[in-house]
Every structure is written in structure tokens, then in C-alpha cells.
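Novice:
In our numbering, the protein residues as written are 37 to 164.
1) Would you mind reading off the limits of the alpha helix (DSSP H) that contains residue 143?
2) I need the boundaries of the alpha helix (DSSP H) containing residue 108, first residue and last residue.
3) According to DSSP, is residue 69 helix, strand or coil?
4) In or out: residue 75 buried (at least 16 other Cβ within 10 Å) or exposed?
5) Residue 67: buried (16+ other C-beta within 10 angstroms of its C-beta) or exposed?
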């Protein structure tokens with residue numbers, strides 16, 4: 037079995053030419069299956085809502101860009117997609133004592149097998 041461990045689903049196939057028509061989940065699956073890949077680990081995060089993220093025009097055309105939407109959609113393809121959750125250490129009030137338990141519970145309850153890709157760009161010794 038061949039598993040691609042780095043797959044993003046939030047805005048697949050978006051280019052300036054097809055901004056209003058990104059590829060569907062089914063088309064994305066067909067692409068990796070055609071390449072001999074059996075499953076993918078979906079790393080959430082496109083539009084995950086990090087404090088530094090900025091609005092971009094893709095959000096006008098494609099509503100499936102939140103990590104919640106990605107996880108719920110991935111659950112429809114358990115034979116092809118292994119979902120991972122995505123969090124940012126600055127969420128939950130950006131406090132060092134923030135309780136991420138409810139978020140981790142939600143991801144686990146909805147089939148996520150891990151958390152990643154962490155791209156917060158926060159120093160490793162940051163207290164959060």
C-alpha cells in the first residue's frame with residue numbers, strides 16, 4: 037500500500053484561470069489513484085484561521101476551506117483519506133494556559149488520526 041503523507045484539500049487545483057471552479061474531492065482522489073497512491077494523509081490548514089492568515093479571493097468561490105469542512109468532508113472517504121486536524125498555538129485566547137482539550141477531542145471524535153501540519157511560525161521556546 038502506498039500512502040502520500042502530505043495532501044492538502046482546502047483549495048485543490050485553484051489557479052487564476054479556474055478560480056471559480058476548483059477541482060472536486062472526487063477529482064482529487066482520481067488523480068492520486070491514477071498515480072498509484074492508495075491513500076493520502078490530509079493535512080488540514082488551508083484557511084485554518086491562524087491569526088496571521090489573511091482573506092483571499094478563493095474564499096469567495098470555494099466554501100470548503102475551513103479545517104472543520106475539510107475534516108467532515110474527508111470522513112466521507114475513509115478508504116482513501118486519513119484526516120489530520122490543524123491547530124495554532126495562538127488560538128483559544130493566545131494564552132499559555134489555554135485548554136486545547138475540547139479541540140483535540142473534536143478532531144478525535146471526527147476521525148482525525150493526528151495533528152499537522154503545524155505552521156504557526158512560533159519559536160520552540162514560546163510559552164504557549
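C-beta: ideal position from N, C-alpha, C; glycine also.
Specialist: Taking the geometry as given:
1) Residue 143 -> alpha helix (DSSP H) spans 137-145.
2) Where residue 108 is concerned, the enclosing alpha helix (DSSP H) stretches over 103-110.
3) Residue 69 falls in the helix class under three-state DSSP.
4) Buried, by the Cβ-count rule.
5) Under the 10 Å beta carbon count, residue 67 is surrounded by fewer than 16 other beta carbons and is classified as exposed.
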